[in-house]
Each structure stands twice: as C-alpha cells, then as structure tokens.
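Residue -13 is where the sequence shown starts when you use the working numbering, and the numbers rise one by one after that.
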Amino acid sequence: MKTITTCCKAAVIGTGAGGAVAGAILAEAGVDTILVEQGGIHDTTGRQGVLGGLADMYADSAMTVAIGRPIIPIPIGKAVGGSTIINSSTCFRPPRDRVAEWGGPSYEELEPFFAEIEECISVTTVDAEILGGNGRILKRGCDALGIELKPLRHNIRDCKGRGQCQYGCPEGAKQSMEKNFIPRALNAGAQLFSGHRVDRMLMNGDRVSGVAGHSPEGRFEIRADVVVLAMGALQTPAFLLKNDVANSSEHVGRGLHVHPAVRVLAEMDEIVDGFKGLPQGAYIDHWADRGIMLEGIFTPPGLMIAGAPGAGHALKNLAADYRRLSGFGVMVADTASGRVLRGRFGLPFVVLYQTNRRDAETMRFGIARLAEIFFAAGAKRVFTNFLPMMSIESPSDLRAFESAPVKPSYLEMMAFHPLGTCRMGSLPADSVVDFDLAAHDVPNLYIMDGSVVPGSLGVNPQITIMGLALRAARRLAERLQG
C-alpha cells in the first residue's frame, strides 16, 4: 500500500492538555501546523451510558495498568482532546513549593500563563447546587469536625450535574480541548489527522525530520521542521525508547509518579443518590502538608458495585443499598516512582510501579481521616479498600484500623495523573528537556505533556500541563517566526 506523505512546519503529536494548546498557539502565530491524534472525534452531547465511553474514548478500553504490588489501573484518553475529554474537569494550579523545586521559571513567571489558560477553558468554582447528596454528606461530617470542605474549580459551562464526566459529558458542558484550543487551531489553519497512530520518528542526522505511522487509509509520513510530542506521560517515553531518541541521560521513561488514589465508600441511613450531581465537586486539603488530597468521587451503579468489597449475599445487599452510598477519594503525592518501558509482547508500552511503605502508610492515614468524617456525618459503616480491614463498622474500630499491619499490596488503588517520565531540567545529564521543553539531545524536538513535570504535584495536573505548554509554544513560535 502506498505511503501518503504530507509536509508542514510543525507536527504536534497528541491533542490533549499539552498538544491542543501547542497546536493552537503555533497555528495562530502563522506556523503551518498538523495535529495528529490516534483517537477519533467525539461529540459527547447526548451520550448516555458508561460502556460506550470506555470503549470509544479510553486507550485499551481503560485497561491500562502499572505492574507492581498492587497492580494499579491508570486509565488514559484516546480521543481528540486526549484525557481532557474523560477527566473530571478538576482544575488546580500547581503548588508554589512544587514549582520552586523544579529549579526553573518561578511561580510568578508562570502565573500569567495559568491565568490565561483558566480564562480560555472557562474555569469556575463549582456551584453548591450541583454538588448533590454526596457533597451534602461530606459537608455535614466536615462541619461536625471543624474541617473545611471546599468547592472545586472546574472547566465547565452550564453544568447540570449529570454525573458522567469520565465517560463523555452528555450536556457538552465540560470545556475540554475539543471545545476550545482545537477549534482555535483549526480556525487558524492547522490540519487535524485523527485516527492516525504514530509509530516511528524520522531522523536526519541528529535532527528530527518528521514522524510516520498508520491510519485507516494505510501508512503515512509527516515531514516537519519541528516535532512536538504530546502523547502523555506513558506513551511519549515509550515512543522515544522505541525509536532510541533523546535519551543520552537515560532518564526517558524513569521518574514516573502516578498520584495513587483509593476510593472510600460509606453506607448511610438516608438516601444519598451520589450519582446525581457533579462526581468530583468538592475537596479537603486539611492534610495537604502530608501529601494528602481528598476529593469527591462517584460512579454509575455497574462500576461502583463491581469495585465494591464483598461477594455473594453481602455484595447483593450492598448493591441494593446503592442509593444510600456516599463516596470520596484519597490521593497521595507519591514518594515512590516507577518506570515506563518500550512495548513488548504486542503492547505499546509496559509500566512498572511499586508503591512504597511510606506512601501506603500515608494512604491509610488518609482513609482513616475520611472514615472519621463519614462517621461524623452519620455513616453506618465505611468501606476502606484496605485488605486487613475492608470495612470499619463504627468509630471505635478506627484504632484497630490504624494499628493494622501495612503493606502496599493491601491497598486497592487507581491512578489518574501520571507525570515525570521525560522530566524538564537545566542539565542534560539528569533531564530530557530544558525549561522551554526542548529536548537536550535533538535541536528541533519538543515535549509538551505531563511527562515533563518532575515529581508528584499532589493536585490534578491539567492546568499545570496546559500552562507549561502555553509558555513553551509561545517561545517556539517566536523562534520559528525569527
């Protein structure tokens, strides 16, 4: 089959939080730009149900995992808009102390870029009216303990609280990348190649000359003066490793942080209907100094019960009480780190990640604090996803829970914020890109996604990724125009 070749000034691979921003800024600066996305275009307005969203908009139907003890699922998006189309739309700026640790641009220098991003994607504080019953339960518990429950900030417009953020917003309220930066790129003359999977980097000496891959129409090549990789913290390093590019530091794929999370459920006497309202509408940062962030979560019945503890009659009874369940999540800024390896056995990549005891103990502490909040709100019992004690039947059992032995394998975790596998830094010996997100080893290769963020942020990262991409893309556009 004939290979189709296209030429441009800049090829941006990936259309998520980093790639969409980069594509729009370059195109608006007059740079001939092509955006490449392996996923399809999805109008989620009117979409109903979970399974279609998982199959259509998630890589590998949301079955991506990190191998370790425990195995940790890390669902990532595969759609025009990347993971922004399937995330919970939560928006945080990076903590100032984390930015200072990077050793690059100061928070004050980056702040205007974060502010511009927030305006472009319509970031607003969540209205109490769409927090639903789940928010009501947590507020009651927090008020009883003198802890502040804070409303989250989301990139939304006219949200009706339909509770399906992670499967494609049925109201079209979530302002993910296909609603703003991608249309901006296209309106400025950029081309979008959706359904195109890149598998090879084209090189000319020490410079990138383009990328190649396959699409439904067959093989393709894109010849470009500059290539921007924005495939995410799992796929970008795997692609570089496969092509043996930009890795003189041997840091490509290393330093993976995932921001692990545990879901905690509480059984209440009252009807909660946690599926109504914004699933992730509020947060508790009372223990942020310990790296703990508590954020709202709730999922539709099939997924909620599938992940619930127990079996047989116990699980059946819990399913019957679905409307009386309340849920919240514990996330830990991980001190452990993992690694992405090039794909094997037909897999596009392999992720290795071993939670350490310190993070497991921090996670248990967070679960215990959340259990206290639920009991203060009137919970009958709390489900912990911690194997030695999967449920806490009363506040008096908390002491036993906190003194139980801890191993990472005792926790049932998920993760949604992979970062750090192509870290930025000033020294080529210990980083992959500089603070303009240009590869140290390859003059015309840039990386603009979560892989460049060193370490764990401790908060949802999309504003950080977009802000860094905005700054880097502006600087790149200036160079290309010069």
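Glycine included, C-beta positions come from ideal geometry on N, C-alpha and C.
Nothing here was measured: the structure is a model prediction, and the numbers come from that model.
If you look at A8, you'll find it isn't in any beta strand (DSSP E); it sits in the alpha helix (DSSP H) that goes 5 to 14. Three or more beta-carbon pairs drawn from the region 167 to 183 and the region 194 to 211 are found closer than 8 Å, and the two stretches are therefore classed as touching. Segment contact: the region 115 to 124 against the region 235 to 247, fewer than three CB-CB distances shorter than 8 Å; contact not assigned. DSSP places Q177 within a strand segment (E or B) once states are collapsed to three. In this structure, the straight-line span from the alpha carbon of M376 to that of L338 is close to 26 Å. Taking C-beta atoms under 8 Å as the contact rule, M49 and H28 fail to qualify, at a distance of about 19 Å. Residue environment for C(-7): exposed (fewer than 16 other C-beta atoms within 10 angstroms of its C-beta). As a beta-bridge residue in DSSP terms, C(-6) pairs with A210. Between the alpha carbons of E157 and G39 lies a distance of about 14 Å. The beta carbon of N173 sits closer than 6 Å to none of the beta carbons in its chain outside the five residues before and after it.
Taking each of W273, G282, A306 in turn and checking the Cα distance to S75, the smallest one comes out for G282.
Residue pairing by DSSP places T111 opposite R139 in a beta bridge. Between the region 60 to 70 and the region 0 to 9 there are three or more C-beta pairs closer than 8 Å, enough to call the two in contact. Here V316 is actually not in contact with I359; their C-beta atoms are around 11 Å apart, not less than 8 Å. For F335, the uninterrupted beta strand (DSSP E) run begins and ends at 335 to 338, by DSSP. The three-state reading of DSSP puts H299 in helix, counting H, G and I together. Here I53 has L338 as same chain residues with Cβ atoms under 6 Å from its own Cβ, once five neighbours each way along the sequence are excluded. One thing to note: S417 has its Cβ no nearer than 8 Å to the Cβ of H403.
Residue burial is scored here from C-beta neighbours: Q467 has fewer than 16 other C-beta atoms within 10 angstroms and is therefore classed as exposed.
The alpha-carbon of Q221 is positioned some 28 Å away from that of A15. If you draw a straight line from the Cα of S195 to the Cα of L188, it comes to about 5 Å.
In the DSSP annotation of this structure, the continuous segment of the alpha helix (DSSP H) that includes S389 starts and ends at 384 to 389. Under DSSP, H200 takes part in a beta bridge, and its partners are R183, R205. C-alpha of K262 to C-alpha of P59: approximately 25 Å in a straight line. R55 counts as exposed, since fewer than 16 other beta carbons sit within 10 angstroms of its beta carbon. When DSSP states are grouped into helix, strand and coil, M317 belongs to the strand group. The residues S235, in chain order, have a CB closer than 8 Å to that of A415 in the same chain once the five nearest residues on each side in sequence are set aside.
If you draw a 10 Å sphere on the C-beta of D345, you find 16 or more other C-beta atoms in it, and that means buried.
Under DSSP, S377 takes part in a beta bridge, and its partners are F369. Closest option to F100, judged by alpha-carbon separation, among A252, I451, R205, R460: I451. Annotation: T31 to R148 spans about 12 Å, alpha carbon to alpha carbon. By the neighbour-count criterion, in which 16 or more other beta carbons inside 10 Å mark a residue as buried, R79 falls on the buried side.
When only Cα atoms are considered, P391 and L397 end up about 12 Å apart. Contact between the region 304 to 315 and the region 251 to 271 is present: 3 or more CB-CB pairs across the two stretches fall below 8 Å. By the beta-carbon neighbour count (other beta carbons within 10 angstroms, threshold 16), G332 is exposed. Between the region 104 to 112 and the region 133 to 153, the count of Cβ pairs shorter than 8 Å is three or higher; the stretches touch.
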